[in-house]
Amino acid sequence: MAYEPPVTDYDKIVENCTCAFCGSNCDDVDILVKDNHVVGVRHACRLGASKIMEDEDQRLTVPMIRDENGELVEVDWDTALDKAAELIAGAVRPVFYGWSETSIEAMKPGLELTELVGAVIDNQATICHGPTVQAVQNVGYPLMTLGEVKNRADMVVYTGSNPMNAHPRHLARYTTFPKGFFRKRGRFDRTLVTWDPKYSDTAKLSDIWVPFEENGDYAFCNAIRAVLKGKELKQDVISGIPKEDIVALTEKMKNTQFGALFFGLGLTHTLSKQRNIDIAIQLVQDLNKYTKWVLLPMRGHFNVNGFNIFMSYEMGFPYGVDFSRGYPRYMIGETTTIDLLNRKECDVFMVIAADPGAHFPGGALAHLADIPVIQIDIHWGPSTELADVVLPGTFIGVETAGTSYRMDSVPIFMKKAIDPPETCREDEWIVNELLKRVTKLKEASK
Amino acid sequence: MEYILKNGIVYDPINEINGEKKDVMFKDGKIVNSVSDDAKVIDVTDKLVMPAGIDVHCHLAGPKLCVGRLYRPEDERRGVKPKTDITRPETGFSIPNCPATGYRFSKMGYGTVVEAAVPPLEAKHTHEEIIAIPNIDIPPLTLFGNNWFILQFAKEGRIEDIAAFVSAWLKITKGYGVKIVNPCGSEAWGWGMNVHGIDDPAPYWDVTAREVIRALAQANEMLGLPHSIHIHPNDLGHPGNFPTTVNTIDCMKDIKKNSEYRNQTIHLTHAQFHCYDGTSWRDVTSGVEPVADYINKHDHVTMDMGQVTLDETTTMTADGPMEYDLYELTGLKWANKDIELETASGLVPFIYSGRNPVHSLQWAIGLELALMIEDPWKVCLTTDSPNAGPFIRYPRVMSWLMSYQRRAEMMDNKEVHAWAGRKSALGTLDREYDFYDIATITRAGPSKIYGFEDRGHLGAGAIADIAVYDLEPNNFDPTRNAAEVEKAFSNALYTIKDGQILVKDGEIVKVVSSKHVRTEVEGFEDEEKRILEEIMPFFNRYYTVKFENYVVHDHYAEPSSVYKVNASK
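In order, the protein sequences belong to chains W and D.
Numbered continuously in our numbering, the first sequence closes out at residue 457.
Numbered continuously in our numbering, the second sequence closes out at residue 1799.
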């Protein structure tokens, strides 16, 4: 990495901003501003800094509508909003998907709109930590805030996730390196363990690396539970790990003072899906008979947890909630986005602060290409290619203030550092406008 | 707008009105003594009129609730109701979604409901939920009992600094009062441990519950907060825990109160869970008698019941170690949520059943408490919702309190297990609450206990929070008609909030925003500033959020109703 001299040419520093990238929601970011532009970012990791800095790249700046020739053409806000409202008001089975990279304040009118038209509202959990939520509903949810780990943990386990690449400051800010109240020497007072088939960057830093076989996670956790319950392991090698190593690791886990297990999509999306999480949670519950253990899913987007929390308190269900019958229904496989698209049920799709074009499976995308798609986002992306109406939003945490929930459910008010581009509108404003216009259309058709 | 509520039978214990036929008048959201001839008349001839209900202890908004909703879709699927032209969809039974919470309280004639446990770090979440709950005012109690700063200051005996910290943190969290949950025990849970009794010190901090409780109470009285300390003592739900309960109250008896409106210096919450005798669940018996006896002889304490309602429900408390014990006992899915530097918490679903001997005994103990404590002003009706049962069961609890016949019937025809009669004195208690007593334990008492001078009564100047029920007290015998009592109290004829009719004939007719009810101490600013400066280096080092992002910004607590406290008085 080439040396970059520090930025000295700026008008002001906005301190303690919250990074709107991953679920770590680092709230110590200083943004350097000159002429209402971000010219430097301090304390953020490279992922966060590049998102905050290079925001103007491929930025959506004006509303657009796809014309008869299939080209997106620039229009004014009224035209675009009316077109979107018309599509939503006329839809039979609309799906409003996304929400994980916008604020709780924008979700509120979004839910109102959902209730009004009887739509399905869903977020990225449906394709990422959905199995985690299912597992939590099966067996429980022993978690903590990240400061508990920072102050107390002497053993930290990461599995199915590689925070050094995906949540780069997670170890530095919360779990491994910081000097905690009861861990005054920071890293030296902790044992870092990675269970991962890959020798990831996190594994490279770890004291113990457990490279179980791919799809071997369930059997591995099961073996630890068995040892913990005093059972003799019948196989010499389990999931590619020698029996002795499993016994030794179990002893270590039992004899810590405070252990924390973090898991990512590597655990939720291997062969046994939610059953992997079931057993990981049960393992932590069992360990609490001997000492203190907690766990936490490594949530990806900065407000993906926020949407699940928001929907739970507003409507009692975390994601994939269907209002077509006038009351909320939550049936995984039935009211979840991918299934609705695969079955070709959905007839109008609104995506806000998400990129299904980049992440959805082919069958779902094929249907998206056939139906009208409304996009509210700040960047041009694969979903823009599918969109028929494009409504450019603003960047939460940089251009617009708003509430988000960190991966451990700590609510943070993300302040703004600069003003948004003149031609863009806040997500909250856009969704509110849609709500107003759809309400008007619905009343007119009564 | 002026209204006159005509010819109701009014029960208003604070103004000593016991079943008089009279008119209640209100104007612009306030009770008044007279109105002009233009006043709109609402005829409630011979119907039961009370101030709107005040719930002193309920878990209805905040992170715990949300974990409950997220991990118990099976509970959310009970109680689903579609939207109407006025209301939003409802879900949930023991942990309803926010709109349903507001509607259901409103339908029972309640106007103010205290959220009993707010971890400061996640106070924003609680306030966000309060915004989503309609129709009731919500004062949140902030958790202090396991806060590291408090533990340290209590050990050093720095009472004034604790007062400054409490004063600052009530502003930071937009809270109403001081809540203490399993003091030192929830901190011990950070290491998977617990403390037992009030003289067992917290690991590392080496400070005992006795010291923490006393220090917080002294600070509370130094500030003269409208509510006293609100305590969930150690050893919740352990057979043989009644001495801890008595010791907890007793260690407070020399502390002088600093409030003209309330009488107590300590409020003992969900007392039912704290009155067990015996050594295990096999030989457990009721330990109500010594606790009730103590409360009868001392005036510095008030309590609420925590009545078990024999339903499937969700337990949730900041008492983390207790929830793990419960998980080991039941094997049902355990959730936990420890909050850095502040508290622990946990959840476990629970199925109370009248066929289970222990649950039946718990049912008896709650009622025994309410019937053995002579002064109804010291008693409040709660189910520690949703811990001992969901709040929609309050009317059923009222019907039990009002009818000896109904209680005897339940014990005779095996609606509850024989332990209820055998191991408690409930069968021998023939006391029956009348409507005046019910108004005392659900309106007047709570108003006094919380220092709510503006509510819980129908005197001029009070806010016009009124409930009318479809019962005619002069032609009705509640001791013989438990089912009708429950039905009437479940579906208010009118619920009036701030002078607006929100419920009519048991249906929601109007939805308004809830107010965040909070206290603000004045005259302690210098001390607050000094203590904040002192603790800031520690705060920055060990919390994982910046102080600037920790405070609850004003817009999370709008609209609010602020009780100003003058600390210098």
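Ideal Cβ positions, reconstructed from N, Cα and C, are used throughout, including at glycine.
Computed from a predicted model, the values in this text were never measured in an experiment.
>> Would R1299 of chain D pass as an interface residue toward chain W - the criterion being a Cβ-Cβ separation below 7 Å?
In response: Counting from 1 along the second sequence, the entry for residue 1299 of chain D is found at position 69. Interface residue, yes.
> My guess is that L1611 of chain D and T1672 of chain D are in contact by the Cβ rule of under 8 Å, so how many angstroms apart are they, rounded?
Replying inline: Indexing the second sequence from 1 puts residue 1611 of chain D at position 381. Indexing the second sequence from 1 puts residue 1672 of chain D at position 442. With a Cβ gap of about 5 Å, L1611 of chain D and T1672 of chain D count as contacting.
> Name the DSSP beta bridge partners of K1236 of chain D, please?
Replying inline: Here residue 1236 of chain D refers to the residue found at position 6 when the second sequence is read from its first residue. Per DSSP, D:D1273.
> Looking at C-beta atoms only, is the number of pairs between the stretch 361 to 374 of chain W and the stretch 105 to 114 of chain W that lie closer than 8 Å three or more?
Replying inline: yes
> the stretch 407 to 439 of chain W: which residues have C-beta closer than 9 Å to a C-beta of chain B, in chain order?
Replying inline: Within the model displayed, chain B is absent; protein chains W and D are what it includes.
> Which residues in the same chain have their Cβ closer than 6 Å to the Cβ of K1294 of chain D, if we skip the five residues on either side of it in sequence?
Replying inline: Position 64 of the second sequence, counted from the first residue, corresponds to residue 1294 of chain D. Excluding sequence neighbours, K1294 of chain D sits near M1546, S1575.
>> Given this structure, state the Cα-to-Cα distance separating D1695 of chain D from G1689 of chain D, to the nearest angstrom.
In response: The residue you call residue 1695 of chain D lines up with position 465 of the second sequence. The residue you call residue 1689 of chain D lines up with position 459 of the second sequence. Approximately 11 Å, taken between the alpha carbons.
>> On the DSSP letters alone, give me the boundaries of the alpha helix (DSSP H) that L157 of chain W sits inside.
In response: To locate residue 157 of chain W, count along the first sequence from 1; it is residue 146. In the DSSP assignment, L157 of chain W falls within the alpha helix (DSSP H) that extends over 157 to 163.
> Are the stretch 442 to 454 of chain W and the stretch 124 to 131 of chain W touching by the rule of at least three beta carbon pairs closer than 8 Å?
Replying inline: yes
> Can you find at least 3 beta carbon pairs, one from the stretch 1593 to 1612 of chain D and one from the stretch 1559 to 1566 of chain D, that sit closer than 8 Å?
Replying inline: The stretch 1593 to 1612 of chain D vs the stretch 1559 to 1566 of chain D: no contact.
>> Here's the rule: buried if 16 or more other CB atoms are within 10 angstroms of the residue's CB, otherwise exposed. What is L1559 of chain D?
In response: In the second sequence, counting from the first residue as 1, residue 1559 of chain D sits at position 329. Per the 10 Å Cβ criterion, exposed.
>> Please state the DSSP three-state secondary structure of G1467 of chain D.
In response: Taking the first residue of the second sequence as 1, we reach residue 1467 of chain D at position 237. Three-state result, G1467 of chain D: coil.
> Leaving out five residues before and five after V1609 of chain D in sequence, what residues of the same chain have Cβ atoms less than 6 Å from its Cβ?
Replying inline: As a working note, residue 1609 of chain D is residue 379 in the second sequence. Excluding sequence neighbours, V1609 of chain D sits near A1600, I1603, I1671.
> Straight-line CA distance for E1758 of chain D to T1314 of chain D?
Replying inline: Numbered from 1 along the second sequence, position 528 holds the residue referred to as residue 1758 of chain D. Numbered from 1 along the second sequence, position 84 holds the residue referred to as residue 1314 of chain D. Rounded to the nearest angstrom, the two C-alpha atoms are 48 Å apart.
> Of all the residues that make up the stretch 1561 to 1573 of chain D, which are near chain W by a beta-carbon distance shorter than 7 Å?
Replying inline: Answer in chain order: K1563, W1564, A1565, N1566, K1567, D1568, I1569, E1570, L1571.
> Hey, how far is the Cα of S1791 of chain D from the Cα of D1367 of chain D?
Replying inline: Taking the second sequence and counting its residues from 1, the one referred to as residue 1791 of chain D is at position 561. Taking the second sequence and counting its residues from 1, the one referred to as residue 1367 of chain D is at position 137. The straight-line gap from Cα to Cα measures roughly 9 Å.
> Three or more C-beta pairs closer than 8 Å, one from the stretch 1463 to 1481 of chain D and one from the stretch 1426 to 1444 of chain D: is that the case here?
Replying inline: yes
>> Let me check understanding here. Comparing Cα to Cα, which of W:D78, W:T348, W:V128 lies closest to E454 of chain W?
In response: The residue you call residue 454 of chain W lines up with position 443 of the first sequence. Of W:D78, W:T348, W:V128, the residue nearest in Cα terms is W:V128.
>> Please list, in chain order, the residues of the stretch 1762 to 1777 of chain D that have any C-beta partner in chain W closer than 8 Å.
In response: R1771, Y1772, Y1773, T1774, V1775, K1776
> Which of the three DSSP states, helix, strand or coil, is assigned to E1490 of chain D?
Replying inline: Counting from one through the second sequence, the residue named residue 1490 of chain D turns up at place 260. In the structure shown, E1490 of chain D sits in coil (DSSP, three-state: anything other than H, G, I, E or B).
> By a C-beta neighbour count over all protein chains shown, 10 Å radius and 16 as the cutoff for buried, is H312 of chain W buried or exposed?
Replying inline: Here residue 312 of chain W refers to the residue found at position 301 when the first sequence is read from its first residue. Under this definition H312 of chain W is a buried residue.
> When burial is assigned at 16 or more other CB atoms within 10 Å of the CB, is A380 of chain W buried or exposed?
Replying inline: Sequence index remark: in the first sequence, residue 380 of chain W carries index 369 (1-based). Exposed: under 16 other Cβ atoms inside 10 Å.
> Ordered along the chain, which non-local residues of its own chain (more than five positions away) have a Cβ less than 8 Å from that of I343 of chain W?
Replying inline: Within the first sequence, numbered from 1, the residue matching residue 343 of chain W stands at position 332. Correct list, in chain order: G141, Q145, G331.
>> Counting C-beta neighbours from all protein chains within 10 Å, is the total for R1771 of chain D 16 or more, i.e. buried, or is it exposed?
In response: If you number the second sequence from 1, residue 1771 of chain D lands on position 541. Classification for R1771 of chain D: exposed.
> R354 of chain W touches chain D at which residues, Cβ-Cβ below 7 Å?
Replying inline: Taking the first sequence and counting its residues from 1, the one referred to as residue 354 of chain W is at position 343. Simply none; closest approach about 22 Å.
>> Check whether the stretch 1281 to 1292 of chain D and the stretch 1343 to 1351 of chain D touch, using three or more Cβ-Cβ pairs below 8 Å as the test.
In response: yes
> Got a sec: is the Cβ-Cβ distance from H1528 of chain D to anything in chain W below 7 Å?
Replying inline: Here residue 1528 of chain D corresponds to residue number 298 of the second sequence, with the count starting at 1. At a cut-off of 7 Å between C-beta atoms, H1528 of chain D does not count as an interface residue with respect to chain W.
> Whose Cβ in chain D lies nearer than 7 Å to the Cβ of S323 of chain W?
Replying inline: Counting from one through the first sequence, the residue named residue 323 of chain W turns up at place 312. Those within 7 Å of S323 of chain W in chain D are C1296, R1299, L1300.
> Looking at the C-beta of N27 of chain W, does it have a partner C-beta in chain D at a distance below 7 Å?
Replying inline: If you number the first sequence from 1, residue 27 of chain W lands on position 16. Yes, because at least one Cβ of chain D sits closer than 7 Å to the Cβ of N27 of chain W.
>> Check whether the stretch 1388 to 1399 of chain D and the stretch 1742 to 1756 of chain D touch, using three or more Cβ-Cβ pairs below 8 Å as the test.
In response: yes
> Which class does F192 of chain W belong to by DSSP, given the choice of helix, strand or coil?
Replying inline: Position 181 of the first sequence holds residue 192 of chain W. Three-state result, F192 of chain W: coil.
> Would you say R448 of chain W reaches chain D, if we count a Cβ-Cβ gap shorter than 7 Å as a contact?
Replying inline: On the first sequence, residue 448 of chain W is found 437 positions in, with the first residue counted as 1. Closer than 7 Å: no.
> How would you list, in chain order, the residues of chain W whose beta-carbon sits under 7 Å from the beta-carbon of A1362 of chain D?
Replying inline: On the second sequence, position 132 is the one that residue 1362 of chain D refers to. Those within 7 Å of A1362 of chain D in chain W are Y324, E325.
> What residue ranges within the stretch 195 to 276 of chain W form continuous beta strand (DSSP E) runs of no fewer than 3 residues, ordered along the chain?
Replying inline: Along the stretch 195 to 276 of chain W, the beta strand (DSSP E) occurs as fully enclosed runs of 3 or more residues at 202 to 206, 219 to 221, 269 to 274, listed in sequence order.
> Can you name, in chain order, every residue of its own chain whose Cβ lies under 7 Å from the Cβ of R1302 of chain D, other than the five neighbours on each side?
Replying inline: In the second sequence, residue 1302 of chain D corresponds to position 72, counting from 1. Taking C-beta separations shorter than 7 Å and ignoring five residues to either side along the sequence, the partners of R1302 of chain D in its chain run I1325, T1544, P1579, following chain order.
>> Short of 7 Å in beta carbon distance, which residues of its chain neighbour I1693 of chain D, apart from the five on each side in sequence? Order them along the chain.
In response: Position 463 of the second sequence, counted from the first residue, corresponds to residue 1693 of chain D. Counting only Cβ-Cβ distances below 7 Å, and skipping sequence neighbours, we find G1259, K1260, D1684, R1685, D1728.
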